[in-house]
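Student:
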Amino acid sequence: MKRLWAWVALAVGLLYFILPLVGMTNFSLKMRRGEYSFDAYMKVFADDRFRETFTYSVTLALFTILVGVLLVVPTAYWVRLKLPFLRPYIEFITLLPLVIPAIVIVFGYIRLYNTSSWLPLTGSAFGTDLLLVFGYTTLALPYMYRAVDTGLRTIDVTTLTEAAQSLGAGWITIIGRIILPNVLVAVLSGAFLTFAIVIGEFTMAALLNRPAFGPYMQLLGANRAYEPAALAVIAFVITWGCLGLIQLVSRLQKFAQRPV
Amino acid sequence: MTTQLRPAASAPVKRFRLPLHWLGVLPFATFVVLFMVLPTLRIVVGAFQRPDGSFTINNIVNLFTPSIMAAYEISIRISVASAFFGCLIGFAVAAAVVLGGLPRWIRGPLLTFSGVASNFAGVPLAFAFLATLGPLGIVTVFLQQQLGINLRALGFNLLSFWGLTLTYLFFQIPLMILIITPALDGLKKEWREAASILGATNAQYWRMVALPILTPAILGTFALLFANSFGAVATAIALTGSSLSIVPILLFAQIRGDVLGDPHLGYALAFGMIVVTGVANTIYIVLRARSERWMK
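Given below as structure tokens:
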């Protein structure tokens, strides 16, 4: 009896998740009347705007990952090594982007860094791109910091540092060649999650007027019927791919660490 | 004598040592101040300013007009509903998998899938639901052609309170599953055994042991899910355009083109959002700390 209820709950839950996925896949294949075809996908891939905005968002995602890693890895390492009493406060700060909605943060950017301010980032395309990368770094901060901090927990930071120092390594060598390789799996997990968040982000890009993939999808959704469903399938595959890669790297690590 | 001398001897050395190790967190602190703290402060301060910069609470008072209050009300209702059903269904699914005696292999794929689904939000999610429950969606068409049920005639519209709630549930339920599964794992076998030795029925065990232990975790997740849907912009805009006046959409339109006709009312609107999500997350943090007592 109990098992029956468990199966029912699971089935209802799964149905809820599978139906929209089936719905969007089905719809994306129905562009040609009366038969299934990949026409909607062809249309999307042939669209120059798709390629431009997608490339733009991928580039931004890579820079966001770079900034995130450069910011989070040394900080998390340093706090663990020298300022452990700061850890709860830093962790609290990194969770703030979950509290303050993205739309409010970007509203602040627009008011704070406009053309008549002391740091007119929104005055040029490059400045706005920079601002967007920093905004995305903020959005990804909770995930990136948590991943790296969890990774650091599994290694003995103090011993590794002292060993490296007694062999004459400087700080950059320690962080780049000792710490980073040891938490690489955690960093990669954070990076893939960052990628999944940035690639389809809409609010910040739209309000900063940058030609990103999220606003492009929204525009297409307002004007077309079948292409949006194709885009949704593509976006779902990307999300699935990123999360799948996280599983893959952590499984590879477990395999590599298994005692021989 | 010597014990008194020792601190005096080491004190000058200490005094001249600059706290250089604080420099290590300087880049992070600078980033946080420039791109999180200052922008948020700008909004908060702006909410209490006139255009000339003088202090006022008029902007906050002006929030209490019927149209803006209606926007807050429907936003909060959608967030409460999607958080409530998200908790309920997510709990049922997680309990089924952890405690319901289902085969163990289901667990891994379910958690992976929950990770994907909880991150599948924004614009594409709206498209997926349009293709499912929209006018030409697969479920709408199936119900119409096979069972003769016309959703539209029954009053269902995807661009409405229930439509948005149903859509948000797609990322709310998996988030609940991800957070509550470890909590369910934390229910110790010994507690159930102790309860049944003392003569408790299954229902009594749940009512008097398991649920009180889980309550902080469930309520905490509820607050998190609430804030999660309250701040969601992209899904709502892609789904409804601007036909449904919820707070994030109103703020989006205000930032784009000052639809309220008063820039500082925009600040106040954003400040109101911070207050609502701030309260929800404070509840979450307090309750999570309480629930972790039992998870050791």
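These protein sequences, in sequence, are chains L and P.
Going by our numbering, the residue at position 44 of the first sequence is 40; the numbering climbs one at a time, nothing skipped.
When you read off a place in the second sequence, starting at 1, and then add 239, the result is the number in our numbering.
C-beta atoms are modelled at their ideal positions from N, C-alpha and C, and glycine is treated no differently.
Just so we're clear, the structure is a prediction, and the values are computed from it rather than from any experiment.
Quick check: what's the CA-CA separation for A7(L) versus S33(L)?
Tutor: Position 11 of the first sequence, counted from the first residue, corresponds to residue 7(L). Position 37 of the first sequence, counted from the first residue, corresponds to residue 33(L). In this structure, the alpha-carbon of A7(L) lies about 30 Å from that of S33(L).
Student: Among L414(P), I436(P) and L437(P), which one has its Cα closest to the Cα of A322(P)?
Tutor: Taking the second sequence and counting its residues from 1, one reaches residue 322(P) at position 83. When each option's Cα is compared against that of A322(P), the closest is L414(P).
Student: Please decide whether F291(L) counts as near chain P, where near means a Cβ-Cβ distance under 8 Å.
Tutor: A query on residue 291(L) cannot be resolved here, the shown segment of chain L reaching from -3 to 256 and no further.
Student: Output yes if chain L places a C-beta closer than 8 Å to the C-beta of L277(P); else output no.
Tutor: If you number the second sequence from 1, residue 277(P) lands on position 38. Yes, contact with chain L.
Student: Pick from R220(L), L82(L), I193(L) and P84(L): whose alpha carbon is nearest that of K39(L)?
Tutor: Stepping through the first sequence from its first residue, residue 39(L) is reached at position 43. Per the Cα distances, R220(L).
Student: Under 8 Å between the Cβ atoms of A456(P) and I416(P)?
Tutor: As a first step, residue 456(P) is located in the second sequence; it is residue number 217 there, counting from the start. As a first step, residue 416(P) is located in the second sequence; it is residue number 177 there, counting from the start. Not in contact: A456(P) and I416(P) (Cβ atoms no closer than 8 Å).
Student: Can you tell which of F232(L), L241(L), L163(L) and G172(L) has its C-alpha closest to the C-alpha of V68(L)?
Tutor: As a working mapping, residue 68(L) is identified with position 72 in the first sequence. Ranking F232(L), L241(L), L163(L) and G172(L) by Cα distance to V68(L) puts G172(L) first.
Student: Could you check how far apart the C-beta atoms of V486(P) and L508(P) are, in whole angstroms? I think they sit under 8 Å.
Tutor: Within the second sequence, the letter at position 247 stands for residue 486(P). Within the second sequence, the letter at position 269 stands for residue 508(P). Confirmed, about 7 Å.
Student: Just list the residues that DSSP pairs F294(P) with in beta bridges.
Tutor: Your numbering for residue 294(P) matches position 55 in the second sequence. Bridge partners of F294(P): Q288(P).
Student: Note down, in chain order, all residues in the stretch 450 to 471 of chain P with a beta-carbon under 9 Å from any beta-carbon belonging to chain L.
Tutor: L463, A466, N467, F469, G470 and A471
Student: If you check the beta carbons only, do A477(P) and A365(P) fall under 8 Å apart?
Tutor: Counting from one through the second sequence, the residue named residue 477(P) turns up at place 238. Counting from one through the second sequence, the residue named residue 365(P) turns up at place 126. In this structure, A365(P) lies closer than 8 Å to A477(P) by Cβ.
Student: Which same chain residues, not among the five before or five after A320(P), have their C-beta less than 7 Å away from its C-beta?
Tutor: Locating residue 320(P) in the second sequence gives position 81, counting from the first residue. Excluding residues within five positions, the ones whose Cβ falls inside 7 Å are T404.
Student: Provide the residue span of the alpha helix (DSSP H) that contains V336(P), from first to last.
Tutor: On the second sequence, position 97 is the one that residue 336(P) refers to. Note, V336(P): alpha helix (DSSP H), P305 to L338.
Student: Could you tell me which of R149(L), G64(L) and R29(L) sits nearest to L77(L), measuring between CA atoms?
Tutor: Counting from one through the first sequence, the residue named residue 77(L) turns up at place 81. The shortest C-alpha separation from L77(L) is found at R149(L).
Student: If we count the other Cβ atoms within 10 Å of its Cβ and call it buried at 16 or more, is R257(L) buried or exposed?
Tutor: This structure does not reach residue 257(L), given that chain L is present from -3 up to 256, and the question cannot be answered.
Student: Does the beta carbon of L341(P) sit closer than 8 Å to a beta carbon anywhere in chain L?
Tutor: Here the question's residue 341(P) lines up with position 102 in the second sequence. Interface residue, yes.
Student: Considering D263(L), what are the terminal residues of the alpha helix (DSSP H) in which it resides?
Tutor: Any property of residue 263(L) remains undetermined from this structure, which presents chain L solely from -3 to 256.
Student: Report the neighbours of V264(P) on chain L: residues whose CB is nearer than 8 Å to its CB, in chain order.
Tutor: Mapped onto the second sequence, residue 264(P) falls at position 25. By Cβ distance, chain L contributes T71, W74, V75, L79, L82 and I86.
Student: Over the uninterrupted alpha helix (DSSP H) stretch that includes A434(P), give me the two end residues.
Tutor: Taking the second sequence and counting its residues from 1, one reaches residue 434(P) at position 195. Its alpha helix (DSSP H) spans residues K428 to I436.
Student: What three-state label does DSSP hand Q501(P) in the structure shown?
Tutor: Within the second sequence, numbered from 1, the residue matching residue 501(P) stands at position 262. Looking at the sequence provided, one finds Asp at residue 501(P) rather than Gln. Three-state result, D501(P): coil.
Student: Where do the N-terminal and C-terminal ends of the alpha helix (DSSP H) with E48(L) fall, by residue?
Tutor: On the first sequence, position 52 is the one that residue 48(L) refers to. First-last of the alpha helix (DSSP H) with E48(L): D44 to L77.
Student: Could you name each continuous alpha helix (DSSP H) segment of 4 residues or more that falls completely within the stretch 384 to 459 of chain P, going from the start of the chain to the end?
Tutor: With a minimum length of 4 residues, the continuous alpha helix (DSSP H) runs that stay inside the stretch 384 to 459 of chain P are 400 to 424, 428 to 436 and 441 to 444.
Student: For K334(L), return the contacting residues in chain P, with the cut-off set at a CB-CB distance below 9 Å.
Tutor: The requested residue 334(L) is not part of the displayed model; chain L covers only -3 to 256.
Student: How big is the Cα-Cα spacing for V102(L) and A442(P)?
Tutor: Looking up residue 102(L) in the first sequence gives position 106. Looking up residue 442(P) in the second sequence gives position 203. Roughly 49 Å separates the two Cα atoms.
Student: Please decide whether M308(P) counts as near chain L, where near means a Cβ-Cβ distance under 8 Å.
Tutor: Stepping through the second sequence from its first residue, residue 308(P) is reached at position 69. With 8 Å as the cut-off, M308(P) does not count as an interface residue toward chain L.
Student: Would you be able to state if there are at least three C-beta pairs under 8 Å between the stretch 8 to 22 of chain L and the stretch 366 to 374 of chain P?
Tutor: Pairwise C-beta distances place the stretch 366 to 374 of chain P in contact with the stretch 8 to 22 of chain L, as three or more of them are shorter than 8 Å.
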